[in-house]
Amino acid sequence: MKTVRKPKLTEMTEVKKLLDAAAAQGALLRRPIMELYEFARDFHVYVDEAGMGGCAALHIDMADLAEVRSLAVREDLRGSGIGARLLDACLNEARRLEIARVYALTRQPTFFKHHGFEEVDKHTLPHKVFQDCMKCPLFPDCDEVAVICDL
Numbered sequence: 065m066k067t068v069r070k071p072k073l074t075e076m077t078e079v080k081k082l083l084d085a086a087a088a089q090g091a092l093l094r095r096p097i098m099e100l101y102e103f104a105r106d107f108h109v110y111v112d113e114a115g116m117g118g119c120a121a122l123h124i125d126m127a128d129l130a131e132v133r134s135l136a137v138r139e140d141l142r143g144s145g146i147g148a149r150l151l152d153a154c155l156n157e158a159r160r161l162e163i164a165r166v167y168a169l170t171r172q173p174t175f176f177k178h179h180g181f182e183e184v185d186k187h188t189l190p191h192k193v194f195q196d197c198m199k200c201p202l203f204p205d206c207d208e209v210a211v212i213c214d215l
């Protein structure tokens, strides 16, 4: 039953629990449940016998640019390749949609660099990508690094 797939709407509460746990550790932004329902189609999830093990979302910003966001893995599964599988699912979806570039804002740039991303100055990204930044408690003193991958 270990699989990466699109989530069911009924699983978005489990996705929220996973994201809330990661947010409590400062790894990413909290997301309201209604926002998760609204963007459920953006997500891929990893599910195993113990339940929801990980998630990641591919959020389309423009015709040629998308963001990998909300990448989180259950604590007992970290370091087991689940994050890489979720990232691959997002990148494969971006390729299928013929999106030219995928970026992430992250505190884990090394993880993304191991998967073909390069660090860039975040100010080179379109202003539109910073809409969520206004919700962040660290705004405007962001400590995240921008990484991008040309597909």
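Numbering (the numbering used here) for the sequence shown: 65 to 215. All residues carry an ideal CB built from backbone N, CA and C; glycine is no exception.
CB-CB under 6 Å to residue i, same chain, minus the five flanking residues each way: which ones, in chain order?
i: PRO173; result: GLU183, VAL209 and VAL211
i: LEU186; result: Rather than Leu, the amino acid found at residue 186 in this sequence is Lys. These residues qualify, in order along the chain: ALA210.
Under a three-way DSSP split, which group does residue i fall into?
i: ASP207; result: coil
i: GLU131; result: strand
i: GLY155; result: As written in the sequence, residue 155 is Leu, which differs from the Gly given in the question. Helix at LEU155.
Just the C-alpha distance for residue i and residue j, rounded to the nearest angstrom, thanks.
i: ASP214; j: ASP207; result: 23 Å
i: VAL79; j: CYS119; result: 7 Å
i: GLN89; j: VAL137; result: 12 Å
i: LEU151; j: LEU169; result: 14 Å
Applying the criterion that 16 or more other CB atoms from any shown protein chain within 10 Å of the CB defines a buried residue, is residue i buried or exposed?
i: ALA121; result: buried
i: THR77; result: exposed
i: ALA85; result: exposed
i: TYR101; result: exposed
Three or more beta-carbon pairs under 8 Å between the segment 99–114 and the segment 69–86, yes or no?
Between the segment 99–114 and the segment 69–86 there are three or more C-beta pairs closer than 8 Å, enough to call the two in contact.
Contact between the segment 155–168 and the segment 124–141 is defined here as three or more beta-carbon pairs at a separation below 8 Å; is this criterion met?
Touching, yes.
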